[in-house]
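Input: a single structure, listed below in structure tokens.
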Amino acid sequence: MRPDNRSVNELRPISVQRFFTNKTPGSVLIRAGETMVLCTASISEKLPPWMNPEENRGWVTAEYSMLPGSTSPRKSRERSGKLDGRSSEIQRLVGRSLRAVVDLEALGQRMVTVDCDVLQADGGTRTLSITGAMIALIDALRSIDDFAGKKPGDEGFPVRDYAAAVSVGLVEGEARLDLCYLEDFAAEVDMNVVMTGKGNFIEIQGTGEEATFDETQLAELLALAKKGIAELVALQKRQTA
34 MRPDNRSVNE
44 LRPISVQRFF
54 TNKTPGSVLI
64 RAGETMVLCT
74 ASISEKLPPW
84 MNPEENRGWV
94 TAEYSMLPGS
104 TSPRKSRERS
114 GKLDGRSSEI
124 QRLVGRSLRA
134 VVDLEALGQR
144 MVTVDCDVLQ
154 ADGGTRTLSI
164 TGAMIALIDA
174 LRSIDDFAGK
184 KPGDEGFPVR
194 DYAAAVSVGL
204 VEGEARLDLC
214 YLEDFAAEVD
224 MNVVMTGKGN
234 FIEIQGTGEE
244 ATFDETQLAE
254 LLALAKKGIA
264 ELVALQKRQT
274 A
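So the number in the working numbering is just where the residue sits in the sequence shown, counting from 1, plus 33.
Here it is, written out as structure tokens:
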């Protein structure tokens, strides 16, 4: 029996509130079970200093942070330039995942920064950040006149496809979808999977926690992840229709 009485192939209840704040063109409060993340997307005409402006392309980057009150006991606040290793790794993952489905040339000489701030953590913060960031990115780009009213895959829109992510794992030898914290803590195998709406993999992060897993179990975990991500992409499509 799972802690929240879900079936092994069931996502946590998920909700999305778009335009949660009014200071950025993309702003999404996304919640899966007890995990809540605020994803905001800002657009700047100023490119990163390392980019050659003659390349005539843009950039998408991400920042990730867990607010002090998102966990118990309190998490120390991260100061600028002093991110812990976990936060740094996660924000790189979010950025890579978004760029995998963005046409940087079609974006033009713009930089989109997506900020993912965890308000409450109960497992799956990195995967939920990616799923919410995708919606915030689309909304932000639609604020540009050239992209208004378009959606991923439309001609001229710089987002070619959707991207979403979910966790899977082996808990007591059982493959489970979308782990909450108690399951993540107890998992023998923990895996994060990022995929496109068309079903292609962007990234797979999997490891045994003092355990190993075989090819059959890997296939079972990936099948669960594909099912969950298909449901998340369907949610993204409904939100951005």
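Glycine residues also receive a C-beta, built at the ideal position from the N, C-alpha and C atoms.
Pop quiz: residue i and residue j are said to be a contact at Cβ under 8 Å. What is the actual Cβ separation, rounded to whole angstroms?
i    : j    : result
D155 : G66  : 6 Å
T229 : I237 : Not quite, the Cβ-Cβ distance comes to about 13 Å (not below 8 Å), so this is no contact.
V134 : D194 : 5 Å
P81  : M144 : 7 Å
T273 : I171 : 5 Å
A196 : S130 : 5 Å
Can you tell me the Cα-Cα spacing of residue i and residue j, whole angstroms?
i    : j    : result
E88  : T94  : 17 Å
E165 : K183 : First, the residue type needs correcting, since residue 165 is Gly and not Glu in the sequence shown. Taking the straight line from one Cα to the other gives about 18 Å.
P79  : F53  : The sequence shown places Lys at residue 79, not Pro. C-alpha separation (whole angstroms): 25 Å.
R275 : L137 : Because residue 275 is not part of the residues shown, which for the chain are 34 to 274, the question remains open.
L251 : G241 : 11 Å
E248 : L254 : 10 Å
R209 : A244 : 16 Å
A263 : D179 : 29 Å
K108 : N225 : 23 Å
I177 : N233 : 28 Å
R51  : V61  : 4 Å
Y97  : K270 : 24 Å
G118 : L126 : 12 Å
Q153 : L100 : 8 Å
A258 : V204 : 15 Å
G202 : A173 : 33 Å
A220 : D211 : 12 Å
L215 : D37  : 10 Å
S77  : T57  : 11 Å
P86  : A139 : 14 Å
R132 : F218 : 30 Å
G276 : P191 : The chain is shown from 34 up to 274; residue 276 falls before or after that span and cannot be answered.
D223 : A256 : 14 Å
V151 : V199 : 16 Å
M34  : N42  : 13 Å
E122 : G189 : 32 Å
L268 : G261 : 11 Å
I168 : D148 : 12 Å
Q124 : K231 : 24 Å
R279 : S48  : Residue 279 is absent from the model: the chain starts at 34 and stops at 274.
G157 : S75  : 24 Å
Kindly identify the DSSP beta-bridge partner or partners of residue i.
i    : result
E207 : V204
Y97  : C149
Q50  : L62
A196 : T229
M144 : S77, W92
- Which parts of the stretch 219-257 are runs of the beta strand (DSSP E), unbroken and 3 residues or longer, counting only runs that do not cross its ends? 222-229, 234-241
- Message: Contact between the stretch 156-163 and the stretch 70-79 is defined here as three or more beta-carbon pairs at a separation below 8 Å; is this criterion met?
- Response: yes
- Query: What are the start and end residues of each continuous alpha helix (DSSP H) run of 4 or more residues lying completely inside the stretch 67-138, in chain order?
  - Reply: 118-132
- Task: May I have a chain-ordered list of the alpha helix (DSSP H) segments no shorter than 4 residues that lie completely inside the stretch 162-198?
- Result: none
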